[in-house]
Every structure is written in C-alpha cells, then in structure tokens.
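Protein chains in written order, with our numbering: chain E, 1 to 464; chain D, 465 to 602. Beta carbons are placed, not taken as given, at the ideal position from N, Cα and C, and that holds for glycine. So the structure is just underneath, and the comments pick up after that.
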Amino acid sequence: MALRVAGGQGFYGDDVSATRPLLESGIDYLCLEGLAELTLAILQKDRQRDETLGFNRDLPRYLRVALPFVGTGRTKVITNAGGINPIAASRVAIETARALGLSGLKIATVVGDDLTARLGELREAGMTLDNAETGEPWSAFIAAGGGDDPPPVLSASAYLGVAPIVEALRAGADVVITGRVADSALFLAPLVHEFGWALDDWDRLAAGTVVGHLAECSGQSTGGNLSGEWWTVPEPWSFGFPIAECEADGSSVLTKAPGTGGRVDFDTVRHQLLYEVHDPSRYLAPDVVADFTSLEVADLGGDRVRLSGCRGLPATPTYKALIAHESGWSGETRVAFAWPDAYAKAVATAAIFRRRVALAGYQVDEWHEEYWGINALGGPTVPLDAADEAPEVSLRVAWRCAGPDLASAIAREMVPLGLSAPPWGLTASGRTVIGKPSQLLGLWPVLVDKSFVDSAVHVAIEEI
Amino acid sequence: MVQLALRELCGTRSGDKGDTVDIALFAYSPEVYELIRDQVSAERVAAHFGGIALGEVRRYEVPNVLALNFVLTRALGGGGPRSLRSDNLGKSLGGALLRLSVEVPHLEGPFAPRPRPDVSWAGTISPPFGAAKAGSGG
Numbered sequence: 001m002a003l004r005v006a007g008g009q010g011f012y013g014d015d016v017s018a019t020r021p022l023l024e025s026g027i028d029y030l031c032l033e034g035l036a037e038l039t040l041a042i043l044q045k046d047r048q049r050d051e052t053l054g055f056n057r058d059l060p061r062y063l064r065v066a067l068p069f070v071g072t073g074r075t076k077v078i079t080n081a082g083g084i085n086p087i088a089a090s091r092v093a094i095e096t097a098r099a100l101g102l103s104g105l106k107i108a109t110v111v112g113d114d115l116t117a118r119l120g121e122l123r124e125a126g127m128t129l130d131n132a133e134t135g136e137p138w139s140a141f142i143a144a145g146g147g148d149d150p151p152p153v154l155s156a157s158a159y160l161g162v163a164p165i166v167e168a169l170r171a172g173a174d175v176v177i178t179g180r181v182a183d184s185a186l187f188l189a190p191l192v193h194e195f196g197w198a199l200d201d202w203d204r205l206a207a208g209t210v211v212g213h214l215a216e217c218s219g220q221s222t223g224g225n226l227s228g229e230w231w232t233v234p235e236p237w238s239f240g241f242p243i244a245e246c247e248a249d250g251s252s253v254l255t256k257a258p259g260t261g262g263r264v265d266f267d268t269v270r271h272q273l274l275y276e277v278h279d280p281s282r283y284l285a286p287d288v289v290a291d292f293t294s295l296e297v298a299d300l301g302g303d304r305v306r307l308s309g310c311r312g313l314p315a316t317p318t319y320k321a322l323i324a325h326e327s328g329w330s331g332e333t334r335v336a337f338a339w340p341d342a343y344a345k346a347v348a349t350a351a352i353f354r355r356r357v358a359l360a361g362y363q364v365d366e367w368h369e370e371y372w373g374i375n376a377l378g379g380p381t382v383p384l385d386a387a388d389e390a391p392e393v394s395l396r397v398a399w400r401c402a403g404p405d406l407a408s409a410i411a412r413e414m415v416p417l418g419l420s421a422p423p424w425g426l427t428a429s430g431r432t433v434i435g436k437p438s439q440l441l442g443l444w445p446v447l448v449d450k451s452f453v454d455s456a457v458h459v460a461i462e463e464i
Numbered sequence: 465m466v467q468l469a470l471r472e473l474c475g476t477r478s479g480d481k482g483d484t485v486d487i488a489l490f491a492y493s494p495e496v497y498e499l500i501r502d503q504v505s506a507e508r509v510a511a512h513f514g515g516i517a518l519g520e521v522r523r524y525e526v527p528n529v530l531a532l533n534f535v536l537t538r539a540l541g542g543g544g545p546r547s548l549r550s551d552n553l554g555k556s557l558g559g560a561l562l563r564l565s566v567e568v569p570h571l572e573g574p575f576a577p578r579p580r581p582d583v584s585w586a587g588t589i590s591p592p593f594g595a596a597k598a599g600s601g602g
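Below, the structure is given as structure tokens:
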C-alpha cells in the first residue's frame with residue numbers, strides 16, 4: 001500500500017475547507033505549511049502585543065476538522081504553524097483536542113529553530129553571517145542600522161530538516177507542531193519515518209523532497225496559478241489540494257482529493273516543480289541537495305502524475321537561516337485620472353507631489369511610482385506607445401521614511417492637489433486614497449553550522 | 465521567419481526568495497524548448513528587465529520538463545516585506561517575460577500560437593446580482 005501524504009495548507013490564510021475532502025479520502029499524513037518568508041516577522045509583531053501569540057492563529061480551525069480523523073488513528077498531522085511560539089501553539093492544539101472530547105493523543109512540539117537571541121553567539125562561534133544571497137558582508141547589515149549598531153532584529157530562524165519531526169513520529173506523536181523547518185521537510189519526514197530511509201540515502205531523500213516541494217503550496221500543483229490553459233481547470237471555486245501516493249523506493253504519484261475541482265497533469269506539476277527553486281539541478285534542502293533535472297514526470301491521465309528517478313547529492317553542512325530586521329516605514333497614496341491625457345496628468349501630479357514633499361522639508365529615503373493601467377507591474381518591459389490614449393490611469397506613489405507619523409504627513413501633501421493641480425477627472429474613481437503606514441522589514445539570509453543549531457533542538461511530547 | 469511574443473508559445477510561473485525572483489519559462493513542445501533555449505539568453509532577459517532587476521541574471525536549463533529557469537537578483541526592491549512595489553513578491557514578472565519576442569520558422573504545428581482564454585462560462589457560474597438578497601429574505 002502506498003503511503004498517502006497530503007498538502008492541506010500552502011500559506012497562513014489558505015482555504016481550510018479544502019482539508020475535509022483530503023481527510024475523507026483517507027490519508028496517512030496531513031501536512032500543513034503556513035510559514036512564508038515574511039510570516040515569522042508578522043508573528044513576531046503578534047507576540048510583541050501578546051506573549052501567548054506568535055503562532056499561526058488559523059491552527060485551531062484546521063485541527064477542528066482534522067483531529068477527529070487523528071482520533072480514529074487514520075491520520076497524523078504535521079505542521080509548522082508553531083511559528084515563533086510552537087509551545088503556545090501546542091497548548092492551543094491540546095485545548096482544541098480536549099474541546100472535541102478526544103483523549104489518548106500525543107502532541108509533539110519541536111523547538112530550537114529560533115536564533116533571535118543567539119546571533120552574537122553565532123558570530124563568536126566563527127560564522128560570518130554574510131548575506132547568503134548577495135554575498136554582502138555582515139558589516140553591511142550593521143550599516144543598515146544607520147550607525148554602529150545593527151538594525152533591530154524582529155526574528156531569526158533556521159530552516160530545520162526532518163530529524164526532530166522523525167524523532168517525534170518515532171515516539172508515537174499523532175500531531176507534530178514545529179516552528180521554522182524547510183517546507184519540504186514536513187512531507188519528507190513521514191516518508192523517512194515510515195519507510196525507514198537512511199539520512200544518507202540521497203536519492204530517496206531527494207525523491208521525498210520533490211514530493212514535499214510539489215505538495216507544500218497546496219493548489220499551486222493542482223491547477224492553481226497556472227499560466228497554461230487556466231480557464232479549462234474544472235470547478236476552480238472548490239480546488240482539490242494535492243495528495244502524494246508514495247512508495248518505499250522513492251517513486252510516487254501526485255493526485256488530488258476525489259470529487260474536487262482543480263487538475264493534476266504534466267503542466268500543473270511542472271509549474272510547481274520550478275517554483276522558487278533557483279538552480280533546479282541543485283535544489284538546496286536541509287537534508288539533501290536534490291537534482292530536479294533528473295526527475296521523470298509522467299502524466300498518467302485522470303489527475304495522476306507519476307514521479308520517479310530523482311537523484312540526490314549529499315546535504316551541505318549548513319542550514320539556511322533568515323534574519324528579519326526593521327527597515328523603516330512606508331506610506332502610499334493613490335489618485336485616479338480620466339481620459340483625455342490621463343497618463344500625462346498622472347506623471348505631472350507625481351512630480352508636483354514630490355516637489356511639495358521636498359518643500360515641506362520631509363526626509364524621504366526612497367520613492368516608488370506606479371502607473372496602473374500603463375505599466376505599474378511590468379515597468380520597463382512595457383512599451384509606452386499607447387499611453388497617451390489610456391482610458392484611465394491610477395497613480396500610486398509609495399515612499400520609505402523613518403517613521404509612521406512622517407509617512408502619514410507626507411501622504412497629506414497629496415490632498416490639496418485636488419483643487420490645485422492638473423485636472424483629475426474625479427468622477428471615475430478619482431478619490432485620493434491615503435494608505436495606512438506600514439513597517440518595512442528587511443530580510444538577511446545567512447548560513448549557519450548545523451551542529452550549532454542542532455544542539456538546541458529538542459522535541460517535547462505531551463499526551464492528553 | 466516570423467517574430468512572435470513568448471506569450472504565444474510559452475507558460476511561466478514566478479516567485480520570490482528574499483530580493484531574488486525566480487521566473488520559470490515553459491515550452492509546450494520539444495521544438496519550442498530548443499527554440500527558447502537558443503534564443504532566450506540570460507543576457508536578453510537581463511536587458512528586458514533592466515531597471516527592475518539590478519543584479520545578475522542566471523539561467524538554468526531543465527529539459528526534462530521543457531523549461532528554462534531564470535534567477536534575477538536584486539529584483540524585488542529589497543525583498544517582499546521591504547519593497548515599495550505593489551507586486552512585492554514578483555508574481556507578475558513571469559507574465560512580463562512573455563512580452564519578449566523570438567523568431568519562429570513558421571506559425572504551424574508546434575509554433576502555432578497558443579489558445580486565448582475562453583471564459584464564456586464565467587457568466588453562468590455566479591448567481592445574478594440581487595439573487596442572494598432575495599433568497600436570504602425568504
């Protein structure tokens with residue numbers, strides 16, 4: 001019998017209702033991925049307001065659907081919804097289970113990914129903490145603080161691998177709650193545990209990483225966000241999420257919950273295969289370096305795609321970690337202009353606005369202009385031949401500055417232009433919109449020695 | 465030879481990692497894969513996105529799924545939570561790549577333009593305006 005592993009969540013805010021069809025179809029593991037790069041920083045702000053927060057608050061909604069299936073022994077749940085406070089998340093999971101009248105469940109909590117308080121230690125241990133993407137030195141990070149001190153750090157977490165999740169499963173855990181782990185590790189861990197794969201069996205670890213990578217973005221492998229013939233995807237209002245039917249030899253079939261919308265075929269699968277992977281021949285995961293170019297992708301028809309032959313290379317000695325730091329504040333304003341000459345009016349108004357801000361003496365660290373209806377998204381890739389005849393244009397100006405009050409004050413410089421600037425054609429959608437200021441966060445990726453991180457990782461299990 | 469925008473031939477998906485954006489470009493036949501492999505170089509893509517992508521552009525060939533993967537660094541205005549852009553995650557940049565043109569030998573077979581969307585079903589799947597209100601009053 002193949003092991004059935006399902007991807008029930010692709011981000012914090014995903015469709016909880018897609019979970020039930022997965023569970024009702026009979027799955028061994030429900031894996032819930034809810035930590036995008038910037039989610040930890042959002043959770044850090046939650047925890048600053050309330051110490052009992054800092055995890056994905058939609059966790060109880062998922063567990064209320066899933067735990068009855070866990071209670072029968074059919075399904076286990078693995079999730080990184082713990083965010084920066086997995087202990088609090090597990091407490092909520094236990095409360096949810098009790099409220100459902102369940103007992104005898106083992107809830108595991110994985111901690112140790114959080115490096116926020118350990119950056120100094122990392123430096124003392126000899127790690128450079130240079131930017132792993134750009135190569136910029138740590139001194140550039142310090143300089144980003146504007147003085148001798150680094151900018152305030154909101155969160156710093158390492159992407160852990162499968163080891164602590166496998167440990168929890170070996171100890172009989174029914175629900176495993178982690179903080180930051182590699183997204184694919186949520187799916188690879190049950191395969192390692194169930195099939196007894198060795199942690200240096202690189203080809204199988206790569207095969208399991210493919211499964212995880214394909215399933216961790218929920219609808220993105222089952223026909224969502226498809227650039228192909230997206231308009232032919234069945235019943236897109238009730239998307240089916242992915243299920244991988246996995247074999248001990250590493251091969252698998254990707255499919256979806258029966259009776260749901262969406263589609264699984266060669267095109268939907270390859271769209272997700274190359275999503276955010278950098279070098280596809282060296283996809284870096286904590287437990288293996290996977291060569292996606294060696295994968296055979298065979299469309300079996302009937303929403304079934306067979307995956308086999310993936311090769312793996314030895315894992316690197318480091319984990320990726322992501323430091324999120326304060327990076328100023330942004331404000332924005334939007335104004336719409338009607339034909340004729342909408343684009344010209346928008347260009348002039350942006351310039352006048354920026355001149356007024358300068359005359360008011362406000363310090364702006366970065367400007368950004370977008371012309372919606374012209375080239376707001378495509379920028380320099382869009383020819384401007386037709387701009388003069390655009391039926392309407394919406395101008396968005398955004399800026400980065402030191403604080404929220406300044407961000408708001410700058411926005412107010414747009415308001416008087418309603419009567420004292422180029423004609424706006426306000427009847428279309430021409431209202432001045434002053435956006436709420438928001439804090440900007442910089443991301444600084446680094447590589448950290450695995451042994452240094454692993455020494456602080458541990459698994460706690462509570463039985464209810 | 466005919467000039468054709470990639471929009472007529474290829475699919476794409478893009479997304480972010482920090483200040484880097486990945487753009488995958490998918491061919492729908494081996495013939496078109498060879499064509500984009502020969503014509504859509506990292507240099508052309510870098511020039512196309514000049515002003516958006518400030519760092520280097522790397523290209524990877526993925527023949528098993530008939531795709532090229534482009535990695536554009538310093539391309540998201542500082543990265544998702546730092547960027548001032550509306551599209552702070554670069555999800556639309558795949559589409560922007562499809563504006564690039566290639567030279568095709570003819571417009572038949574594998575080089576025939578891909579179909580345009582047919583969304584005639586959109587008018588049939590939603591309740592008419594006002595229907596929900598009438599229903600909830602009953």
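List the residues of chain E that D/Ile516 touches, going by C-beta distances under 8 Å, in chain order.
Residue numbering aside, residue 516 of chain D sits at position 52 when the second sequence is read from its first letter. Within chain E, the residues near D/Ile516 are Gly379, Pro380 and Thr381.
Beta-carbon spacing of E/Val277, E/Ala315 below 8 Å
If you number the first sequence from 1, residue 277 of chain E lands on position 277. If you number the first sequence from 1, residue 315 of chain E lands on position 315. For E/Val277 and E/Ala315, no; Cβs fall outside 8 Å.
Helix, strand or coil for E/Pro21, going by three-state DSSP, please let me know.
Counting from 1 along the first sequence, the entry for residue 21 of chain E is found at position 21. E/Pro21 falls in the helix class under three-state DSSP.
C-alpha gap between E/Ala125 and E/Ala117, whole angstroms
Position 125 of the first sequence, counted from the start, is the residue given in the question as residue 125 of chain E. Position 117 of the first sequence, counted from the start, is the residue given in the question as residue 117 of chain E. One C-alpha to the other measures close to 14 Å.
Residues, ordered as in the chain, of the region 391 to 402 of chain E that lie near chain D by beta-carbon distance below 8 Å:
Arg396, Ala398, Trp399 and Arg400
First and last residue of the uninterrupted alpha helix (DSSP H) at E/Tyr62:
The residue you call residue 62 of chain E lines up with position 62 of the first sequence. That run of the alpha helix (DSSP H) goes Leu59 to Gly71.
Please state the DSSP three-state secondary structure of D/Val568.
For this step, residue 568 of chain D is matched to residue 104 along the second sequence. Strand.
Buried or exposed, going by whether 16 or more other CB atoms sit within 10 Å of the CB of E/Thr52?
The sequence position of residue 52 of chain E within the first sequence is 52, counting from 1. Exposed, because fewer than 16 other Cβ atoms sit within 10 Å of the Cβ of E/Thr52.
Opening and closing residue of the alpha helix (DSSP H) in which E/Val92 lies:
Within the first sequence, numbered from 1, the residue matching residue 92 of chain E stands at position 92. Taken as a continuous stretch (DSSP letters only), the alpha helix (DSSP H) holding E/Val92 covers Pro86 to Ala99.
For D/His512, go through chain E and note every residue whose CB falls closer than 9 Å to its CB, in chain order.
For the purposes of this step, residue 512 of chain D is taken as residue 48 along the second sequence, with counting starting at 1. Chain E residues near D/His512: Pro380 and Thr381.
Give the secondary structure of E/Val110 by DSSP, where H, G and I count as helix, E and B as strand, and everything else as coil.
Reading the first sequence from its first residue, position 110 is the one you call residue 110 of chain E. Three-state result, E/Val110: strand.
Below 7 Å between beta carbons is the criterion; list the residues of the region 496 to 510 of chain D that meet it against any residue of chain E, in chain order.
none
Contact check, E/His458 vs E/Gly112 under 8 Å by CB: the rounded distance?
In the first sequence, counting from the first residue as 1, residue 458 of chain E sits at position 458. In the first sequence, counting from the first residue as 1, residue 112 of chain E sits at position 112. That pair is a contact at about 6 Å.
With a 10 Å radius around its C-beta and 16 neighbouring C-beta atoms as the bar for buried, classify D/Ile589 as buried or exposed.
As a position in the second sequence, residue 589 of chain D is number 125, starting the count at 1. The residue in question, D/Ile589, is exposed, as its Cβ has fewer than 16 Cβ neighbours within 10 Å.
Boundaries (first-last residue) of the beta strand (DSSP E) holding D/Gln503:
Here residue 503 of chain D refers to the residue found at position 39 of the second sequence. That residue, D/Gln503, is in no beta strand (DSSP E); its alpha helix (DSSP H) goes Pro494 to Gln503.
In the structure shown, what three-state DSSP assignment does E/Trp444 receive?
Numbered from its first residue, the first sequence carries residue 444 of chain E at position 444. Of the three classes helix, strand and coil, the one that applies to E/Trp444 here is strand, per DSSP.
Using DSSP with H/G/I as helix, E/B as strand and the rest coil, what is D/Leu470?
Residue 470 of chain D sits at position 6 when you count from the first residue of the second sequence. Of the three classes helix, strand and coil, the one that applies to D/Leu470 here is helix, per DSSP.
Just to confirm, are E/Val153 and E/Ile42 a CB contact at a threshold of 8 Å?
Numbered from 1 along the first sequence, position 153 holds the residue referred to as residue 153 of chain E. Numbered from 1 along the first sequence, position 42 holds the residue referred to as residue 42 of chain E. No.
Nearest-angstrom beta carbon gap, E/Asp299 and E/Asp265 [assumed within contact, 8 Å]:
Translated into the one-based positions of the first sequence, residue 265 of chain E becomes position 265. Translated into the one-based positions of the first sequence, residue 299 of chain E becomes position 299. Indeed, because the Cβ distance is near 5 Å, the residues count as touching under 8 Å.
Amino acids of chain D, ordered along the chain, whose beta-carbon sits closer than 7 Å to that of E/Asp540
Outside the modelled stretch of chain E, which goes from 1 to 464, sits residue 540 of chain E, for which no answer is possible.
What's the call for E/Thr19, buried or exposed, on a 16-neighbour Cβ count within 10 Å?
The residue you call residue 19 of chain E lines up with position 19 of the first sequence. Classification of E/Thr19: buried, given that the 10 Å Cβ count is 16 or more.
At what residues does the alpha helix (DSSP H) containing E/Lys45 begin and finish?
Stepping through the first sequence from its first residue, residue 45 of chain E is reached at position 45. Per DSSP, E/Lys45 belongs to the alpha helix (DSSP H) from Thr39 to Arg49.
So, is E/Ser451 buried or exposed, given that buried needs 16 or more other C-beta atoms within 10 angstroms?
Locating residue 451 of chain E in the first sequence gives position 451, counting from the first residue. Per the 10 Å Cβ criterion, exposed.
Can you tell me which residues form a DSSP beta bridge with E/Ser327?
By one-based count along the first sequence, residue 327 of chain E stands at place 327. Per DSSP, none; premise fails for E/Ser327.
Determine the contact status of E/Val253 and E/Val305, defining contact as a CB-CB distance below 8 Å.
By one-based count along the first sequence, residue 253 of chain E stands at place 253. By one-based count along the first sequence, residue 305 of chain E stands at place 305. In contact: E/Val253 and E/Val305 (Cβ atoms closer than 8 Å).
Measuring alpha carbon to alpha carbon, tell me which residue in E/Thr96, E/Thr349, E/Asp388 and E/Thr381 is nearest E/Glu369.
Along the first sequence, read from residue 1 onward, the residue named residue 369 of chain E stands at position 369. Of E/Thr96, E/Thr349, E/Asp388 and E/Thr381, the residue nearest in Cα terms is E/Thr349.
Between the beta-carbon of E/Gly331 and the beta-carbon of E/Ser408, is there less than 8 Å?
Here residue 331 of chain E refers to the residue found at position 331 when the first sequence is read from its first residue. Here residue 408 of chain E refers to the residue found at position 408 when the first sequence is read from its first residue. Yes; because the gap between Cβ atoms is below 8 Å, this pair is in contact.
Please confirm whether E/Lys106 and E/Asp174 have their CB atoms less than 8 Å apart.
Locating residue 106 of chain E in the first sequence gives position 106, counting from the first residue. Locating residue 174 of chain E in the first sequence gives position 174, counting from the first residue. Taking 8 Å as the Cβ cut-off, E/Lys106 and E/Asp174 qualify as a contacting pair.
Taking the beta carbon of D/Gln467 as the centre, do at least 16 other beta carbons fall within 10 Å, making it buried, or is it exposed?
For the purposes of this step, residue 467 of chain D is taken as the residue at position 3 of the second sequence. That one is exposed.
E/Ser294: which of E/Arg334, E/Asp203, E/Ala215 and E/Asp148 sits nearest, CA to CA?
The count along the first sequence starts at 1 and reaches residue 294 of chain E at position 294. Residue E/Asp203 is the option with its Cα nearest to E/Ser294.
What is the rounded straight-line gap between the Cα of E/Pro258 and the Cα of E/Asp14?
As a first step, residue 258 of chain E must be located in the first sequence, where it is residue number 258. As a first step, residue 14 of chain E must be located in the first sequence, where it is residue number 14. Distance between the alpha carbons of E/Pro258 and E/Asp14 is about 19 Å.
Report the three-state DSSP secondary structure of E/Ala428 (helix, strand or coil).
Locating residue 428 of chain E in the first sequence gives position 428, where the first residue counts as 1. Since pLDDT at E/Ala428 reaches only 38, below the 50 mark, its modelled position is unreliable, and no value is offered.
Pull up the distance between the alpha-carbon of E/Trp399 and that of D/Leu548, whole angstroms please.
For the purposes of this step, residue 399 of chain E is taken as residue 399 along the first sequence, with counting starting at 1. For the purposes of this step, residue 548 of chain D is taken as residue 84 along the second sequence, with counting starting at 1. Answer to the nearest angstrom: the Cα atoms are 7 Å apart.
On the CB-based measure, 16 or more other CB atoms within 10 Å of its CB, does D/Gly514 come out buried or exposed?
The residue given as residue 514 of chain D occupies position 50 in the second sequence. D/Gly514 comes out exposed.
With DSSP collapsed to three states, give me the class of E/Lys372.
As a first step, residue 372 of chain E is located in the first sequence; it is residue number 372 there, counting from the start. The displayed chain sequence assigns Trp, not Lys, to residue 372 of chain E. Here E/Trp372 sits in strand by DSSP.
So, are the CB atoms of D/Leu499 and D/Leu561 less than 8 Å apart?
For this step, residue 499 of chain D is matched to residue 35 along the second sequence. For this step, residue 561 of chain D is matched to residue 97 along the second sequence. Not closer than 8 Å, so no.
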